[in-house]
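Have a look at the structure below, then the notes.
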Amino acid sequence: MMRVGIALGGGGSRGFAHLGVIKALGEQGVVPAVFAGTSSGAIVSALLAAGKSPDEIFAMMKQSKITDYINIKVPHNGFLALDQLREQLDGFLGGASFDQMHRPLFVTVANLLTGEAEYLATGNVAKAVQASASIPILFSPVEINDQLFVDGGLLDNVPVKPLLGQCEKIIAVDVLPVEKVNAVHGLQETIARTFQMSVGCFLEERQKMCSLIIRLEELAGYNIFDTSKAEEMFEIGYCHVKKLDLRLF
């Protein structure tokens, strides 16, 4: 059986759709052996690499406070911290480091000091994920080994690159395709829209590296800061993949 790697892109609450994608892939016999993720895609990737099932992860994320960081209010001044996200995830993972994962895992971050994307694969997993989800302006940078990191989506929102040489087939899942909108209201929507546009171009450059790109355009209109429609987004990911013919994959 071919070794499959999967890159799960960032997209706030739209990350719930990744779980539907993974469940549907598994039902068709496609089980990723290597994971790479950015932001909310890093949260999902970490839990999958730890051996959790999509349904189990969905229940954990809904019942715990791990998604509270998504339902944020834009601060009037200063930064928010993602300490709660790190603590919750660290609890789910038992304080695991990357070398304790069931499957290889890469977490994408943007290094504020060097201006480059990095793919973390050593150290504490929860802290790496915290850094990967730290959207600039909203959240404080995370210090790891004397470096400052923020949301990896700034430089590589769907991290295909770390999977090269790790597997025979690569699947990329984009939950944040750029769609047209009629209006943008308020600071929160402006931040979300600006971030979406800034990360939208990178996957196009990596298409030739992928065996399959799953672009969930059905998620257009879903607020990346609102988890109230988590079930719908899970179902969108699931139904999209169930319609694909993966027999030749």
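Position 193 of the sequence shown, counting from 1, maps to 185 under the working numbering, and the rest follow consecutively. Here a beta-carbon is modelled for each residue, glycine too, at the ideal position from N, C-alpha and C.
A straight-line Cα-Cα distance of about 15 Å links SER45 and GLY7. Taking 8 Å as the cut-off, the Cβ atoms of CYS231 and VAL(-4) do not count as close. Taken in chain order, the unbroken stretches of alpha helix (DSSP H) that lie wholly in the segment 93 to 179 and span 4 residues or more are 117 to 124. Judged by DSSP secondary structure, ILE205 falls outside any alpha helix (DSSP H) and instead within the beta strand (DSSP E) spanning 204 to 207. Contact annotation, VAL13 with ARG95: C-beta distance approximately 16 Å; criterion of less than 8 Å not satisfied. The three-state secondary structure of LEU74, taken from DSSP, is coil. The shortest C-alpha to C-alpha distance from THR114 to any of VAL152, PHE90, VAL101, ASP47 is the one to PHE90. Under a 10 Å Cβ-count criterion, VAL36 is classified as buried, with 16 or more other Cβ atoms of the shown protein chains found around its own Cβ.
GLY86 carries a coil assignment under DSSP once its states are collapsed to helix, strand and coil. For LEU236, the secondary structure class from DSSP, reduced to helix, strand or coil, is coil.
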